[in-house]
Amino acid sequence: MTEKMLTFVHLEQKYPHKREASERRTDFNEIYAPFDDNSAADQSSRCSQCGVPFCQAHCPLYNNIPDWLRLTTEGRLEEAYAISAATNNMPEVTGRICPQDRLCEGNCVIEQSTHGAVTIGSVEKYITDTAFANGWVKPPKPAKENGMSVGIIGGGPGGMAAAEQLRLKGYEVHIYDRYDRMGGLLVYGIPGFKLEKDVVERRVKLLEEGGVVMHTEFEVGRDATLDDLRKKHDSVLIATGVYKARELKLPGAGLGNVYPALEYLTTSNRHGLGDTVPAYEDGTLNAKDKNVVVIGGGDTAMDCVRTAIRQGAKSVKCLYRRDRANMPGSQREVANAEEEGVEFVWLTNPEAFVGDDKVTGVRAVKMRLGAPDAGGRQSPEIIEGSSYTMDADMVILALGFEPEDLPTLFDAPELGVSRWGTVKIDFRTMMTNLDGVFAAGDIARGASLVVWAIRDGRDAADRIDEYLLARKEAAA
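Just so we're aligned: 263 in full-length UniProt numbering is position 263 of the sequence shown, and the numbers increase by one with no gaps anywhere.
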């Protein structure tokens with residue numbers, strides 16, 4: 001890959017096309033070209049330092065992007081990292097996986113002027129990796145312990161961000177997670193070719209060095225109830241994320257080889273981590289030599305199709321009922337997937353899964369976009385008589401995620417949830433209906449981006465601190 005590849009993703013957004021087989025990438029390197037101090041400085045110097053930083057305004061963390069770009073241009077990388085880390089607990093993660101084309105880069109003034117955005121994510125990734133390499137990133141150790149403790153349920157990005165902020169404030173922090181590794185979907189949901197797992201492990205280790213206590217393979221409701229944790233800690237934060245797959249209730253949905261996306265991605269990631277995974281090794285959840293059909297149009301669907309390509313699938317199709325312009329996933333990801341050989345079947349909806357014991361095909365119907373709905377988005381309509389069947393040895397359902405039944409899982413029937421299953425909170429205080437119990441991230445807002453989980457975790461840490469200090473003052 002050449003330095004020109006730095007702006008490749010922007011060209012692909014503007015001029016998307018289906019590549020011929022001879023033109024498709026086969027090395028499967030991710031979107032970032034080799035980056036060094038000069039590359040970082042060159043990209044950063046393109047920032048116009050505009051008076052109204054739209055990049056910053058469209059970042060959920062409100063990162064001070066123009067300032068750390070300017071410092072990078074000047075070669076002051078340690079200071080650039082310090083400014084980046086002041087508002088972001090995991091810049092090495094967001095630099096890799098944030099959909100910058102929808103957030104900071106998509107709103108860059110230079111991008112709007114058709115000259116291609118500053119590759120903000122690449123620079124963010126580079127300065128943070130440089131900071132780790134040079135020992136500039138320190139464990140979150142407080143100046144003074146305050147004698148209070150907080151229990152966090154969920155070791156994903158929201159829980160980890162909250163843990164770091166609370167530890168810096170002097171709290172004893174415990175994270176409880178159901179999995180055998182901390183990181184949540186950063187480890188088991190997002191493929192390693194987008195987010196290397198040692199990057200997540202490095203951040204987890206930093207938290208441990210700062211004194212955060214990790215409890216892996218700990219299920220609230222099995223190993224302790226929510227009430228038990230409330231008695232053990234001064235406050236509890238629920239940051240479990242959402243893991244329940246949305247179902248597609250169609251004829252044949254119960255056939256073999258029809259899988260939810262997270263089961264497929266978790267199997268692949270565990271194999272990549274070196275775990276023994278029978279379902280992968282016996283070919284059950286391995287796409288090698290199979291005709292794979294992925295249903296969905298979000299970022300998870302993109303993770304599935306690109307994983308299947310890397311596993312050596314015979315063919316990979318992505319079905320989406322709207323067109324490319326209305327796809328919720330990142331256009332950058334779509335361009336990468338097309339380049340790697342994925343076929344997108346736009347304006348197509350599944351009607352049924354075909355087969356005896358195992359799926360052999362997907363019966364689909366063509367769609368057209370009709371009148372806009374109440375939100376202004378055109379609704380897909382069926383084109384009568386357009387049904388056809390495509391071959392499929394494996395079908396992956398990537399239709400999004402919903403909350404699990406936490407009141408039942410946690411043995412806490414009194415915990416308030418919305419009609420969607422998300423935990424109800426007062427959005428000013430982030431507290432649930434239970435005193436001292438807070439919630440943050442997807443479990444409160446619904447399925448969203450990693451960067452929003454980090455933001456919510458940081459905000460929750462501040463609200464918990466305010467609550468506990470006020471309670472302490474009142475008791476004095």
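Just so it is clear, CB atoms sit at the ideal spot from N, CA and C, and this is done for glycine as well. What you are looking at is a predicted structure, and each value in this text was computed from that prediction instead of being measured.
Please state whether DSSP places Thr422 in a helix, a strand or coil. Looking at Thr422 - three-state DSSP - the assignment turns out to be coil, as it is neither helix nor strand.
Would you give the residue range spanned by the beta strand (DSSP E) that Arg368 belongs to? Taken as a continuous stretch (DSSP letters only), the beta strand (DSSP E) holding Arg368 covers Val359 to Pro372.
Decide if Glu383 is buried, meaning its Cβ has at least 16 other Cβ atoms within 10 Å, or exposed. The sequence given here has Ile at residue 383, not Glu. Ile383 should be labelled exposed.
Can you name the residues that DSSP bridges to Cys50? The partner list for Cys50 (beta bridge, DSSP) is empty, contrary to what the question assumes.
Nonlocal neighbours in the same chain, by C-beta distance under 6 angstroms from Ser268, ignoring five residues either side: Result list for Ser268: Thr307, in chain order.
Answer with buried or exposed for Arg428, where buried requires no fewer than 16 other C-beta atoms within 10 angstroms of its C-beta. By the neighbour-count rule (16 or more Cβ atoms within 10 Å), Arg428 is not buried but exposed.
Cβ pair count under 8 angstroms reaching 3, the segment 163-172 against the segment 118-129: In short, these stretches do not touch, since the Cβ pair count stays below three.
Can you give the beta carbon distance from Cys318 to Val354, rounded, assuming they're within the 8 angstroms contact cut? Here Cys318 is actually not in contact with Val354; their C-beta atoms are around 19 angstroms apart, not less than 8 angstroms.
Tell me, which residues are paired with Gln43 by DSSP? Per DSSP, none; premise fails for Gln43.
Decide yes or no for the touch test of the segment 143-162 against the segment 100-110: beta carbon pairs closer than 8 angstroms, at least 3 of them. When C-beta atoms of the segment 143-162 are compared with those of the segment 100-110, fewer than three pairs fall below 8 angstroms, so the two segments do not count as touching.
Between the C-alpha atoms of Phe344 and Ser330, what's the straight-line distance to the nearest angstrom? When rounded, the distance between both Cα atoms is 14 angstroms.
Hey, quick one: how far does the beta strand (DSSP E) through Leu319 stretch, first residue to last? Segment Ser315 to Leu319, the beta strand (DSSP E) holding Leu319.
Option in Asp356, His58, Val137 and Ser387 with minimal Cα separation from Gln100: Residue His58 is the option with its Cα nearest to Gln100.
Same chain, Cβ closer than 6 angstroms to Ala40, five either side skipped, listed in chain order: Exclusion of the five residues before and after Ala40 leaves Thr72, Val123 and Tyr126 as the residues of its chain whose Cβ lies within less than 6 angstroms of its Cβ.
Where DSSP assigns a beta bridge to Pro413, which residues make up the other side? Pro413 pairs with nothing; no bridge assigned.
Per DSSP, the bridge partner or partners of His215: DSSP lists Tyr176 as the bridge partner or partners of His215.
With distances taken between CB atoms, is the gap from residue 481 to Asp442 smaller than 8 angstroms? A query on residue 481 cannot be resolved here, the shown segment of the chain reaching from 1 to 476 and no further.
Separation of Leu195 from His10, as counted between CA atoms: Summary for His10: the model assigns pLDDT 34, below 50, so the residue's position carries little reliability; its value from the coordinates is reported in the next sentence. C-alpha separation (whole angstroms): 20 angstroms.
Assigned exposure category for Asn336 - 16 Cβ within 10 Å defines buried: It is buried - the Cβ of Asn336 has at least 16 other Cβ atoms within 10 Å.
Please state if the CB of Val395 and the CB of Ile295 are separated by a distance shorter than 8 angstroms. Going by C-beta atoms, Ile295 is nearer than 8 angstroms to Val395.
Through-space distance from Val137 to Arg76, alpha-carbon basis: The alpha-carbon atoms of Arg76 and Val137 are separated by roughly 15 angstroms.
Round the Cβ separation of Leu61 and Arg455 to the nearest angstrom and send it over; I've been treating them as touching at under 8 angstroms. About 5 angstroms separates the two Cβ atoms, so the contact holds.
Smallest Cα separation from Ala261: which of Arg270, Gly189, Arg332 and Ala224? Closest option to Ala261, judged by alpha-carbon separation, among Arg270, Gly189, Arg332 and Ala224: Gly189.
Can you tell me where the beta strand (DSSP E) with Tyr388 in it begins and where it stops? Under the DSSP assignment, Tyr388 falls in the beta strand (DSSP E) whose first and last residues are Tyr388 to Asp391.
Please state whether the Cβ-Cβ distance between Tyr176 and His233 is less than 8 angstroms. It is not a contact, given that the beta carbons lie outside the stated cut-off.
Local conformation of Val204 per DSSP, three classes: Reduced to three states, the DSSP call for Val204 is helix.
Run the CB neighbour count on Arg222, radius 10 Å, all protein chains shown included, and call it buried at 16 or more, exposed below. With fewer than 16 Cβ atoms within 10 Å of its Cβ, Arg222 is classed as exposed.
Among Pro407, Met430 and Asp411, which residue has its Cα nearest to the Cα of Arg419? Comparing Cα-Cα distances from Arg419 to each of Pro407, Met430 and Asp411, the minimum goes to Pro407.
Classify Cys50 as buried or exposed, calling it buried when 16 or more other Cβ atoms lie within 10 Å of its own Cβ. In this structure Cys50 is exposed. Its beta-carbon is surrounded by fewer than 16 other beta-carbon atoms within 10 angstroms.
If you draw a straight line from the C-alpha of Asn326 to the C-alpha of Arg377, how long is it? Rounded to whole angstroms, Asn326 to Arg377 spans 8 angstroms at the Cα level.
Paired residues, beta bridge with Met394 - DSSP: DSSP lists Val292 as partners of Met394.
Just to confirm my understanding: we take Pro140, look at its own chain, exclude 5 residues before and 5 after, and list those with CB closer than 6 angstroms. What are they? Within the same chain, Pro140 has close Cβ partners Glu164, Arg167, Leu168 and Gly210.
Cβ-based neighbour list, Val437, same chain, cut-off 6 angstroms, excluding 5 preceding and 5 following: Val236, listed in sequence order.
Counterpart residues of Ala439 in DSSP-defined beta bridges: In the DSSP output, where bridge partners are listed per residue, Ala439 has Ile238.
Cα separation between Thr360 and Asp391? Cα to Cα, the separation comes out at about 6 angstroms.
Along the alpha helix (DSSP H) that carries Asn349, what are the first and last residues, could you check? For Asn349, there is no enclosing alpha helix (DSSP H); the enclosing beta strand (DSSP E) covers residues Thr348 to Gly355.
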